[in-house]
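There are 2 protein chains.
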Amino acid sequence: MPNPTAAMLVIGDEILSGRTRDANMHHLAGELAGRGIVLREVRIVPDDHAGIVAALDALRGAHDHVFTSGGIGPTHDDITADAVAAAFGVPIDVRDDARALLEAHYARSGMALNAARLRMARIPEGACLIDNPVSAAPGFSIGNVHVMAGVPAIFAAMLASVLPALTQGAPLLHQSLRLMRAEGEIATPLRDLAAAYADLSFGSYPFQRDGAFGCQIVVRGTDSVRIDAAMMELVRLFPGDIA
Amino acid sequence: MPNPTAAMLVIGDEILSGRTRDANMHHLAGELAGRGIVLREVRIVPDDHAGIVAALDALRGAHDHVFTSGGIGPTHDDITADAVAAAFGVPIDVRDDARALLEAHYARSGMALNAARLRMARIPEGACLIDNPVSAAPGFSIGNVHVMAGVPAIFAAMLASVLPALTQGAPLLHQSLRLMRAEGEIATPLRDLAAAYADLSFGSYPFQRDGAFGCQIVVRGTDSVRIDAAMMELVRLFPGDIA
Numbered sequence: 001m002p003n004p005t006a007a008m009l010v011i012g013d014e015i016l017s018g019r020t021r022d023a024n025m026h027h028l029a030g031e032l033a034g035r036g037i038v039l040r041e042v043r044i045v046p047d048d049h050a051g052i053v054a055a056l057d058a059l060r061g062a063h064d065h066v067f068t069s070g071g072i073g074p075t076h077d078d079i080t081a082d083a084v085a086a087a088f089g090v091p092i093d094v095r096d097d098a099r100a101l102l103e104a105h106y107a108r109s110g111m112a113l114n115a116a117r118l119r120m121a122r123i124p125e126g127a128c129l130i131d132n133p134v135s136a137a138p139g140f141s142i143g144n145v146h147v148m149a150g151v152p153a154i155f156a157a158m159l160a161s162v163l164p165a166l167t168q169g170a171p172l173l174h175q176s177l178r179l180m181r182a183e184g185e186i187a188t189p190l191r192d193l194a195a196a197y198a199d200l201s202f203g204s205y206p207f208q209r210d211g212a213f214g215c216q217i218v219v220r221g222t223d224s225v226r227i228d229a230a231m232m233e234l235v236r237l238f239p240g241d242i243a
Numbered sequence: 001m002p003n004p005t006a007a008m009l010v011i012g013d014e015i016l017s018g019r020t021r022d023a024n025m026h027h028l029a030g031e032l033a034g035r036g037i038v039l040r041e042v043r044i045v046p047d048d049h050a051g052i053v054a055a056l057d058a059l060r061g062a063h064d065h066v067f068t069s070g071g072i073g074p075t076h077d078d079i080t081a082d083a084v085a086a087a088f089g090v091p092i093d094v095r096d097d098a099r100a101l102l103e104a105h106y107a108r109s110g111m112a113l114n115a116a117r118l119r120m121a122r123i124p125e126g127a128c129l130i131d132n133p134v135s136a137a138p139g140f141s142i143g144n145v146h147v148m149a150g151v152p153a154i155f156a157a158m159l160a161s162v163l164p165a166l167t168q169g170a171p172l173l174h175q176s177l178r179l180m181r182a183e184g185e186i187a188t189p190l191r192d193l194a195a196a197y198a199d200l201s202f203g204s205y206p207f208q209r210d211g212a213f214g215c216q217i218v219v220r221g222t223d224s225v226r227i228d229a230a231m232m233e234l235v236r237l238f239p240g241d242i243a
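In order, the protein sequence lines correspond to chains S and P.
According to the UniProt record's numbering, the residues represented by the first sequence are 1 to 243, in order.
According to the UniProt record's numbering, the residues represented by the second sequence are 1 to 243, in order.
What follows is the structure, given as structure tokens:
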């Protein structure tokens with residue numbers, strides 16, 4: 001059975017303007033790989049309703065899961081929930097269960113649940129809430145789309161509560177080997193090896209060390225016996241070059 | 001006149017698998033902002049021919065410029081040039097000017113220009129070469145697509161040689177103000193201010209300091225007088241909260 005696939009949609013002007021460096025994508029990639037879900041595409045779009053809707057429609061049709069980050073706070077530039085509702089063609093309004101979470105949180109912290117904060121209880125019809133143990137305002141899952149916060153600690157906490165419910169794939173395994181040979185010198189035998197092990201994927205990533213060229217070969221797949229065999233072939237092909 | 005827009009296409013399994021953290025997007029975002037070009041979308045796709053072609057077609061039709069990173073090395077997983085040629089419907093082959101650059105480079109460094117390395121001289125018909133001062137293998141521009149290496153030092157050098165030829169927009173300016181107020185408490189006046197200054201964009205980014213909630217307000221636009229006026233309004237709205 002093929003591994004499930006996923007896409008990520010990062011929403012926020014601050015990433016595209018260069019103000020903020022996204023940290024959630026790298027975290028998601030690692031978490032998904034550990035559960036055998038293949039991250040196949042990432043898109044980063046600004047706080048723009050039509051752009052978010054179009055990206056959601058493209059990604060949710062093409063992948064088993066879509067994870068979004070950003071745009072679910074209380075301010076005017078937080079427009080993700082409305083865009084998700086529009087993409088699914090469902091109404092959105094303040095929902096009692098989400099409001100209750102916020103009421104309890106703000107009562108505990110002595111802050112007012114004002115109109116702006118209540119916006120964070122607006123949930124598209126039919127969605128399931130995602131727990132936010134950091135600041136209460138929930139994310140939500142609707143269809144195959146999981147809508148989470150952009151703040152890295154909250155994104156990670158929400159992801160941790162979403163992942164156990166998803167069907168896992170065969171674990172994505174990888175092994176790597178560092179060779180003190182320039183990429184251009186190992187490219188032809190590496191291509192032939194990749195062709196012989198078409199069920200695996202072979203990546204080659206160049207580096208420099210003390211002025212000498214090397215490359216790291218990464219072999220990825222789901223069959224550990226095949227990966228072991230490919231690694232032994234690599235060692236046989238490039239004896240004396242292993243860094 | 002509206003500012004030119006741009007998109008970035010990051011190509012590489014290693015980014016999506018979580019092995020490598022992309023650094024080029026953040027660099028590109030900053031460089032474009034400085035020249036008044038608005039980065040409107042980023043996509044990250046794996047080393048997959050059809051996926052690269054589809055992303056190129058979507059992005060080059062929607063934006064003034066498309067910048068790609070990754071997939072132009074000598075190994076079998078470097079398939080960007082072929083995908084770009086396919087997207088533009090033009091043939092691709094080793095080109096004399098690109099071959100001459102590689103010949104000179106490998107002659108200087110005492111390495112062989114073998115068949116794998118010669119793949120890096122394959123250039124889609126009609127493209128202009130982009131200089132690679134680090135390792136000679138050129139990038140190229142075709143139509144509104146600029147094809148560059150994924151290695152950050154080479155990406156940055158190629159970008160520096162591409163940018164001066166592009167039409168600049170009005171500089172994208174921004175000012176910011178840190179407030180020691182939770183986002184939910186400033187959201188309504190901030191929304192009203194954003195509505196009154198619809199020619200500017202207002203972002204709100206929460207943070208915590210010593211357990212207290214604050215937010216950074218970023219005002220972006222091209223008219224410094226308007227940005228100054230909006231900042232003065234912010235100061236007037238939230239006296240005593242400036243961090």
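The beta-carbon is built from N, C-alpha and C at its ideal position, and this holds for glycine as well.
Since the model is a prediction, treat every value here as computed from it, not as a measurement.
Taking its Cβ as the centre, do 16 or more other Cβ atoms sit within 10 Å of residue i, making it buried, or is it exposed?
i: G18 (chain S); result: buried
i: V38 (chain P); result: buried
i: P239 (chain P); result: exposed
i: E125 (chain S); result: exposed
i: M148 (chain S); result: buried
i: D22 (chain S); result: buried
i: S224 (chain P); result: exposed
i: A127 (chain P); result: buried
i: G184 (chain S); result: buried
Just the C-alpha distance for residue i and residue j, rounded to the nearest angstrom, thanks.
i: G12 (chain P); j: L237 (chain P); result: 47 Å
i: N144 (chain P); j: Q208 (chain P); result: 42 Å
i: P164 (chain P); j: L32 (chain P); result: 11 Å
i: D199 (chain S); j: T222 (chain S); result: 9 Å
i: V45 (chain P); j: S109 (chain S); result: 43 Å
i: D64 (chain P); j: N3 (chain P); result: 10 Å
i: A212 (chain S); j: A29 (chain P); result: 31 Å
i: A137 (chain S); j: A6 (chain P); result: 34 Å
i: D131 (chain P); j: A160 (chain S); result: 45 Å
i: F140 (chain S); j: R35 (chain P); result: 38 Å
i: A83 (chain S); j: H49 (chain S); result: 6 Å
i: G70 (chain P); j: V10 (chain P); result: 6 Å
i: Y205 (chain P); j: L113 (chain P); result: 51 Å
i: I72 (chain S); j: H26 (chain P); result: 23 Å
i: I227 (chain P); j: R43 (chain S); result: 30 Å
i: F111 (chain S); j: V94 (chain S); result: For clarity, residue 111 (chain S) is Met in the given sequence; the question names Phe instead. Going by the C-alpha atoms only, they are around 19 Å apart.
i: I142 (chain S); j: M1 (chain S); result: 25 Å
i: G61 (chain S); j: R60 (chain P); result: 22 Å
i: N24 (chain P); j: A157 (chain P); result: 11 Å
i: L16 (chain S); j: L173 (chain S); result: 32 Å
i: A58 (chain P); j: V134 (chain P); result: 31 Å
Excluding the 5 residues flanking residue i on each side, which residues of the same chain have their C-beta closer than 6 Å to its C-beta?
i: G203 (chain P); result: V218
i: L177 (chain P); result: I217, L234
i: H146 (chain P); result: F67, V162
i: E41 (chain P); result: A7
i: D77 (chain S); result: D47
i: residue 244 (chain S); result: Here chain S comprises residues numbered 1 to 243, so residue 244 (chain S) is not present and cannot be evaluated.
i: Y106 (chain S); result: L113
i: P74 (chain P); result: A116, R117, R119, M120
Who are the Cβ neighbours of residue i in its own chain at under 7 Å, not counting the five residues just before and after it?
i: D241 (chain P); result: L179, M180, R181
i: A194 (chain S); result: F202
i: A243 (chain S); result: R178, L179, M180, G214
i: D97 (chain P); result: L129
i: L101 (chain S); result: A136, P138
i: A88 (chain S); result: In the sequence on display, residue 88 (chain S) carries Phe and not Ala. Cβ neighbours of F88 (chain S) beyond the five flanking positions: P124, I142, G143.
Going by beta carbon distance, what residues of the same chain come within less than 8 Å of residue i, once the five residues before and after it are set aside?
i: M231 (chain S); result: Q175, L177, V219
i: T20 (chain S); result: G12, E14
i: A229 (chain S); result: Y197
i: P91 (chain S); result: A85, P124, E125
i: A104 (chain S); result: A136
**OP:** Return the chain-ordered ranges of every alpha helix (DSSP H) run that is complete within the stretch 11-50 of chain P and spans a minimum of 4 residues.
**Re:** Secondary structure within the stretch 11-50 of chain P: the alpha helix (DSSP H) runs of 4 or more consecutive residues, fully enclosed, are 13-16, 24-34 (chain order).
**OP:** Could you tell me whether the stretch 137-154 of chain S touches the stretch 168-176 of chain S, where touching means 3 or more Cβ pairs closer than 8 Å?
**Re:** At 8 Å Cβ cutoff, the stretches do not touch.
Original post:
Got a sec: which bits of the stretch 126-154 of chain S sit with their beta carbon under 8 Å from any beta carbon on chain A, in order along the chain?
Top reply: No chain A is present in this structure, whose protein chains are S and P.
**OP:** Kindly confirm or deny that the stretch 186-202 of chain S and the stretch 47-58 of chain S touch, where touching means at least three C-beta pairs closer than 8 Å.
**Re:** Not touching, per the Cβ criterion.
Original post:
Which runs of the beta strand (DSSP E), 3 residues or longer, sit entirely within the stretch 166-238 of chain S?
Top reply: Within the stretch 166-238 of chain S, the complete beta strand (DSSP E) runs of at least 3 residues are 173-179, 201-209, 212-221.
Original post:
Looking at C-beta atoms only, is the number of pairs between the stretch 74-90 of chain P and the stretch 115-123 of chain P that lie closer than 8 Å three or more?
Top reply: Result yes; three or more Cβ-Cβ pairs closer than 8 Å.
Subject >> Minimum length 3: unbroken beta strand (DSSP E) runs contained in the stretch 99-180 of chain P >> reply: Counting only runs of 3 or more, we get 122-124, 128-130, 139-142, 145-148, 173-179.
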